[in-house]
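Undergrad: Once you've had a glance at the structure underneath, I'll fire off some questions.
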Amino acid sequence: MTDENVHKVTDALPAPSTPPSASRKRRDPGTGEEGYVLAIAILSTLYTGLQFLRHIHQLSTGKESFSRQRLALVSFFGEQVVAYFLLSAASSAVPLTNRMRENNDNIFTDSSVAAISMEFLAFIALAVSALISGTYI
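Going by full-length UniProt numbering, the letters in the sequence shown line up with residues 1 to 137, in that order.
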């Protein structure tokens, strides 16, 4: 390409009216972590709800929906996965909460700390449950 052709191409491109950094919307650095924590909370609630419904069905009908061996495997692996998710969500929210508390300590950061604590407690409960489920495998 000759110099003349390069100038024709670059002249045809629109010039930005504002610098790219100024035209971008400012994004809170922790938005991804908040979404991850919320998604994991929803998934763990769904898993727990499904297990609850399965137990209610079993108690009301007196029949198991699957064989005991299969239920033990599903419970064990499900609890392992959900426990891992809860621990990873809690650990991803800690740096965000620490950054937010440096700037402003308010009710939102306090509730964030409470949510992180509950995720750790739920992880511990699921880890113990997985240990118990592992004995049935």
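Glycine is no exception: its CB is placed at the ideal position from the N, C-alpha and C atoms.
Do A93 and F123 have their C-beta atoms within less than 8 Å of each other?
TA: Position 93 of the sequence shown, counting from 1, holds the residue named residue 93. Position 123 of the sequence shown, counting from 1, holds the residue named residue 123. No.
Undergrad: List in chain order: all unbroken alpha helix (DSSP H) runs of 4+ residues lying wholly within the region 60–126.
TA: Whole alpha helix (DSSP H) segments, 4+ residues: 68–103.
Undergrad: Taking only the alpha-carbon atoms, compute the straight-line gap between S65 and R54 and give it to the nearest angstrom.
TA: As a position in the sequence shown, residue 65 is number 65, starting the count at 1. As a position in the sequence shown, residue 54 is number 54, starting the count at 1. For S65 and R54, the distance between alpha carbons rounds to 8 Å.
Undergrad: E102: buried (16+ other C-beta within 10 angstroms of its C-beta) or exposed?
TA: Walking along the sequence shown from the start, residue 102 turns up at place 102. Label assigned to E102: exposed.
Undergrad: Considering only residues of the same chain and omitting the five flanking positions on each side of R27, which have a CB-CB separation below 6 Å?
TA: Residue numbering aside, residue 27 sits at position 27 when the sequence shown is read from its first letter. Caution is warranted here: a pLDDT of 48 is assigned to R27, below 50, making its placement in the model unreliable, and the coordinate value is therefore given only provisionally. Correct list: empty, nothing qualifies.
Undergrad: Any idea what DSSP makes of T45, helix, strand or coil?
TA: Here residue 45 corresponds to residue number 45 of the sequence shown, with the count starting at 1. Three-state result, T45: helix.
Undergrad: With H, G and I counted as helix, E and B as strand and the rest as coil, what does DSSP make of G134?
TA: Working through the sequence shown from its first residue, we reach residue 134 at position 134. Helix.
Undergrad: How should F52 be labelled, buried or exposed, when 16 other C-beta atoms within 10 angstroms of its C-beta is the threshold for buried?
TA: Along the sequence shown, read from residue 1 onward, the residue named residue 52 stands at position 52. Exposed.
Undergrad: Residues in its own chain within less than 8 Å of Q58 by CB, not counting five upstream and five downstream?
TA: Looking up residue 58 in the sequence shown gives position 58. Contacts found: E64, S65.
Undergrad: If you draw a straight line from the alpha carbon of A39 to that of L131, how long is it in whole angstroms?
TA: Taking the first residue of the sequence shown as 1, we reach residue 39 at position 39. Taking the first residue of the sequence shown as 1, we reach residue 131 at position 131. Going from the Cα of A39 to the Cα of L131 covers about 25 Å.
Undergrad: For E73 versus S44, is the C-beta spacing smaller than 8 Å?
TA: Position 73 of the sequence shown holds residue 73. Position 44 of the sequence shown holds residue 44. Note that residue 73 corresponds to Leu in the displayed sequence, not to Glu. Contact flag unset, no.
Undergrad: Out of E119, Q80, E34, F76, point me to the one whose CA is closest to G134's CA.
TA: As a first step, residue 134 must be located in the sequence shown, where it is residue number 134. Closest by alpha carbon: F76.
Undergrad: Between which residues of its own chain and D105 is the CB-CB distance below 7 Å, once the five residues before and five after are set aside?
TA: As a first step, residue 105 must be located in the sequence shown, where it is residue number 105. Same-chain partners within the cutoff: there are none.
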